[in-house]
Amino acid sequence: MNTMKAAQISKPGGKWELVERDIPQPGAGQVRVKVEACGICHSDVLVKEGQWPGLQFPRVPGHEIAGRIDALGSGVTGWGSGQRVGVGWHGGHCFHCEQCRRGDFAMCINRKITGVDFDGGYAEYMVAPAAALAAIPDELPAQEAGPFMCAGVTVFNALRNSGARSGDVVAVHGIGGLGHLGVQYARQMGFMTVAVGRGKDKEPLAKKLGAHRYIDSDAGDAAAELQKLGGARVILATAPNAKAISALVDGLSVDGKLLVPAAAAEPLTVNAISLIMGRRSVAGWYSGTAMDSQETLRFSALSGVRPMTETLPLERVAEAYERMISGKARFRVVLAIGA
Ligand SMILES: [Zn+2]
Ligand SMILES: [Zn+2]
181 MNTMKAAQIS KPGGKWELVE RDIPQPGAGQ VRVKVEACGI CHSDVLVKEG
231 QWPGLQFPRV PGHEIAGRID ALGSGVTGWG SGQRVGVGWH GGHCFHCEQC
281 RRGDFAMCIN RKITGVDFDG GYAEYMVAPA AALAAIPDEL PAQEAGPFMC
331 AGVTVFNALR NSGARSGDVV AVHGIGGLGH LGVQYARQMG FMTVAVGRGK
381 DKEPLAKKLG AHRYIDSDAG DAAAELQKLG GARVILATAP NAKAISALVD
431 GLSVDGKLLV PAAAAEPLTV NAISLIMGRR SVAGWYSGTA MDSQETLRFS
481 ALSGVRPMTE TLPLERVAEA YERMISGKAR FRVVLAIGA
């Protein structure tokens, strides 16, 4: 059998197309991955709606991939056929630009994005550069490993590089695809973990995920509530709501940092006096490299952090994508593929 099933988009705003394609061959420095699961990320909208500059169609999206190496291209060392691997948002780097020469591969100016610059995981097979592979620990099933490759690494890496120390107050704003993982990581990293969500109904879940405190932002001023706890050293803003994110700056402690790993459509509006008087900052966070993803997988296996997922087969990609877009999914929709 030389063909495979794939789900592709062939024009901006186009519908999902289930197609038979030739199974791709790995080139030099690449491996072929037999995909077992692929999470659906909100960023897949960039492909679906053609919002990424220079995007070429047709394109198979998907950058929360878990599977097994199925074939090795020439020159690949350190990886073996049959090995369980993940491929995430970071789809490789050039090794020769100035950022790469500094060792900051995530900031490579020629970096590639899986499922955007080349075909991703909404297919039975995909090809990835060996530099984009993360080893998956045995105890993580593919459907749980997939979401760690974008949602997981983004929040894990943001928190572990945030400067917060054990016992510091760390708030996670939004209990969704990113936030439900952020709360678990914050707790497991030893932070005083505060979940900030809309409505009282999210409280039991936030507590179950490990939050020491829950703040209902609909019930009052979330920033004031954070100040009652001394202010948050870090606020991880995972809900893409510019107004809500902006309002949280006043909930930061002295030297506190508001970290933004997910893009809101509207600009943030921040009170500069609040930044100055408390030496506070607002900063973006960008995903991570394959090694960051591997460390995310390892920490998650070690600490019991797991995504909450809904699983659908590849054939139901349109329905799965709709679950994600509608915000009804609890919390990550994963396509089960092959095996
Ligand atoms: Zn993503
Ligand atoms: Zn580079």
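Our numbering puts the sequence shown at residues 181 to 519. Backbone N, C-alpha and C define an ideal beta-carbon position, used for all residues, glycine too.
{"query": "Among D297, G295, C280, whose alpha-carbon lies nearest the alpha-carbon of R289?", "result": "First, the amino acid is wrong: residue 289 is Ile here, not Arg. Answer by Cα proximity: C280."}
{"query": "In three-state terms, what does DSSP make of Q210?", "result": "strand"}
{"query": "Is the region 222-241 in contact with the region 299-308, if contact means three or more CB pairs nearer than 8 Å?", "result": "yes"}
{"query": "So, for A500: in the same chain, excluding its five sequence neighbours on each side, which residues have a beta-carbon less than 7 Å away from its beta-carbon?", "result": "I220, L492, V513, L515"}
{"query": "Any idea what DSSP makes of P493, helix, strand or coil?", "result": "strand"}
{"query": "Run through the DSSP bridge pairs and tell me what Q188 is partnered with.", "result": "E197"}
{"query": "Name the DSSP beta bridge partners of V572, please?", "result": "In the structure as shown, the chain begins at 181 and stops at 519. Residue 572 is therefore absent and cannot be evaluated."}
{"query": "Assess, as a yes-or-no matter, whether the region 450-457 is touched by the region 376-392 under the definition of 3 or more beta carbon pairs within less than 8 Å.", "result": "no"}
{"query": "What did DSSP end up calling L520 once you bin it into helix, strand or coil?", "result": "The question about residue 520 has no answer here: the residues shown for the chain are numbered 181 through 519."}
{"query": "Can you find a heavy atom of ligand 1 that lies under 7 Å from the Cβ of S190?", "result": "no"}
{"query": "Would you say the beta carbon of N337 comes nearer than 7 Å to a heavy atom of ligand 2?", "result": "no"}
{"query": "If we require 3 or more residues per run, which beta strand (DSSP E) segments fall completely within the region 259-339?", "result": "264-267, 305-309, 313-315"}
{"query": "Beta-carbon distances below 6 Å to any heavy atom of ligand 1 define the shell here; list its residues in chain order, please.", "result": "C221, S223, H243, W269, C330"}
{"query": "Is the beta carbon of A246 closer than 8 Å to that of V497?", "result": "no"}
{"query": "Can you find a C-beta in chain D that's less than 8 Å from the C-beta of V363?", "result": "Absence of chain D from the displayed structure is noted, only one protein chain being present."}
{"query": "Give a yes or no on whether the C-beta atoms belonging to L313 and V240 are separated by under 8 Å.", "result": "no"}
{"query": "Rounding to the nearest angstrom, what Cα-Cα distance links R393 and A386 in this structure?", "result": "8 Å"}
{"query": "Compute the Euclidean distance between the alpha carbons of R201 and K185, then round it to the nearest angstrom.", "result": "6 Å"}
{"query": "Can you give me the start and stop residues for the alpha helix (DSSP H) that I453 sits inside?", "result": "452-457"}
{"query": "So L439 packs on S342, CB below 8 Å; how close in whole Å?", "result": "6 Å"}
{"query": "If you draw a straight line from the alpha carbon of D430 to that of K191, how long is it in whole angstroms?", "result": "43 Å"}
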